[in-house]
Every structure is written in structure tokens, then in C-alpha cells.
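Asks: Sending over a structure as C-alpha cells; questions will come in a sec.
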Amino acid sequence: MNKLYPLFLTLIFNTKLLFSQEEVKKDSTVIVSNVELDWMPFYEDALDKAKKENKLVLVYFTGSDWCGPCKVLDKELFHTEKFKEFSDKELVLLEVDIPRNQDILSDEKISENLYLQRKYSVKTFPTILFLNHKGRKVSEKKGYILPEYYFPYIQSEVYKKKERLFNLSFF
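Just so you know, we're using the numbering used here here: the sequence shown kicks off at 11 and counts up by one.
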């Protein structure tokens, strides 16, 4: 009996751990390959647009030709109608691609992208930054997580900004 007691406790403990895991609700997001997002071509253009439209800049650091998680994120988050509808209303988008094959970008774009990678100390791909219209980092998410988590994170950053602006208007 004494030998079975630790085994029984271990079984109960492991069963509790198994059932206490957070459940990720999979939504019925439809991935559409022909979704075209309005990515700004250059950093300064994105900041100018953000200032004019009073929006955050979502900066997406990717390695389009070598980063597997970047390709998955691009397909499962950025190529959805849900993200497109939200980003059109709420965000200015800037893609910073750091490809291995540098022939796919102009020299000017490669130079700017490497500058931005250094400026914001990006070493992990994918990385998503939120910037204000002055280029100041507001928030950052490094690495790949499930799109079910990414989209709510992106929404929360936009709503936090709106809340801060609303609260500042009372002073």
C-alpha cells in the first residue's frame, strides 16, 4: 500500500496538469492568398502617414526567403481578411525584410532595413514592433506565436493607444 501511494499522487498531479492547460480557441479565420496589404515602402513614409492619420506603425521584421516562422506568420496572420480589415482602419504597416538573397530588394531598401534592424536592436525573427509617429517604440513581440495570440495582441496595442489618447484629452 505504501508503494502505491506515491504512484497514486503522481497520477493525480499529472492529470491535474493535463486538464489545467490553457485552451486556445481556434477561430474560423479564413486565409486568403490574394489579400493585399498596404505596406508602406519606406520608414519615413510610414511615420508621416501615422502622424497624419493618428495611427500606430506596425513594423514587421522578417527574413522572407529564409525564416520559416516568418513565412507561417505571413500566411496565417497577414493574409487574412480579418487582419486586413483591422489594419486598414487602425494601423500603418511597414515591412522590414532582411533576406539572405539581397537581389530581391533595391540597394536603398536593403540599406534602410539594415539601419532599422540596428536602430531597434532586432535579432529575432519574426519581430513585430509598434511605433508612434515619432519612431519611438511603444511595444514589441519577438518570435513566432500562434496567430490566435498575435491578433488579440495587435488589437490590444491599438486599443491601449486609443485609451491613452482619450485619457490625455481630459488634462
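The beta-carbon is built from N, C-alpha and C at its ideal position, and this holds for glycine as well.
Which residue or residues does DSSP assign as beta-bridge partners of Ile120?
Replies: Position 110 of the sequence shown, counting from 1, holds the residue named residue 120. Looking at the DSSP assignment, Ile120 forms no beta bridge with any residue, so it has no partner.
Asks: Please state if the CB of Leu57 and the CB of His143 are separated by a distance shorter than 8 Å.
Replies: On the sequence shown, position 133 is the one that residue 143 refers to. On the sequence shown, position 47 is the one that residue 57 refers to. Yes, the pair counts as a contact, with Cβ atoms nearer than the cut-off.
Asks: In the structure shown, what three-state DSSP assignment does Phe140 receive?
Replies: What you label residue 140 is simply residue 130 of the sequence shown in a count that begins at 1. Of the three classes helix, strand and coil, the one that applies to Phe140 here is strand, per DSSP.
Asks: Is Lys151 near Tyr163, with beta carbons less than 8 Å apart?
Replies: Taking the first residue of the sequence shown as position 1, residue 151 is located at position 141. Taking the first residue of the sequence shown as position 1, residue 163 is located at position 153. Yes, these two residues count as a Cβ contact at 8 Å.
Asks: Which residue from Phe161, Asn64, Met50 and Lys172 puts its Cα closest to that of Glu105?
Replies: Taking the first residue of the sequence shown as 1, we reach residue 105 at position 95. If we check each option's Cα against that of Glu105, Met50 comes out closest.
Asks: CA-CA distance, Glu63 and Lys129?
Replies: Translated into positions along the sequence shown, residue 63 becomes position 53. Translated into positions along the sequence shown, residue 129 becomes position 119. Approximately 24 Å, taken between the alpha carbons.
Asks: Output the boundary residues of the beta strand (DSSP E) element that contains Val106.
Replies: Position 96 of the sequence shown, counted from the first residue, corresponds to residue 106. Taken as a continuous stretch (DSSP letters only), the beta strand (DSSP E) holding Val106 covers Leu101 to Asp107.
Asks: CA-CA distance, Phe228 and Lys171?
Replies: As shown, the chain starts at 11 and ends at 181. That puts residue 228 outside it, with no answer to give.
Asks: In angstroms, rounded to a whole number, what distance separates the CA positions of Phe140 and Val67?
Replies: Along the sequence shown, one-based indexing puts residue 140 at 130. Along the sequence shown, one-based indexing puts residue 67 at 57. Straight-line Cα distance between these residues: approximately 6 Å.
Asks: Since Phe71 and Val132 should fall inside the 8 Å C-beta cutoff, what is the C-beta to C-beta distance between them, to a whole number of angstroms?
Replies: On the sequence shown, residue 71 is found 61 positions in, with the first residue counted as 1. On the sequence shown, residue 132 is found 122 positions in, with the first residue counted as 1. Indeed, because the Cβ distance is near 5 Å, the residues count as touching under 8 Å.
Asks: Can you tell me the Cα-Cα spacing of Ala60 and Ser149, whole angstroms?
Replies: The residue labelled residue 60 in the question sits at position 50 within the sequence shown. The residue labelled residue 149 in the question sits at position 139 within the sequence shown. Those two C-alpha atoms are separated by around 16 Å.
Asks: Which of helix, strand or coil does DSSP assign to Gln165?
Replies: Here residue 165 refers to the residue found at position 155 of the sequence shown. Note: Gln165 maps to helix in three-state DSSP.
Asks: Tell me the residue span of the beta strand (DSSP E) that contains Lys81.
Replies: Here the question's residue 81 lines up with position 71 in the sequence shown. Counting along the chain, Lys81 falls outside any beta strand (DSSP E), though it belongs to the alpha helix (DSSP H) covering Gly78 to Leu83.
Asks: With respect to the alpha helix (DSSP H) encompassing Leu87, which residues constitute its N-terminal and C-terminal limits?
Replies: By 1-based counting over the sequence shown, the position of residue 87 is 77. That residue, Leu87, is in no alpha helix (DSSP H); it is neither H nor E in DSSP.
Asks: Going by C-alpha distance, which of Gln165, Asp107 and Leu103 is nearest Leu126?
Replies: On the sequence shown, position 116 is the one that residue 126 refers to. For Leu126, the nearest C-alpha among the options comes from Asp107.
Asks: Roughly how many angstroms lie between the CA atoms of Tyr160 and Arg174, to the nearest whole one?
Replies: For the purposes of this step, residue 160 is identified with residue 150 of the sequence shown, where counting begins at 1. For the purposes of this step, residue 174 is identified with residue 164 of the sequence shown, where counting begins at 1. Straight-line Cα distance between these residues: approximately 21 Å.
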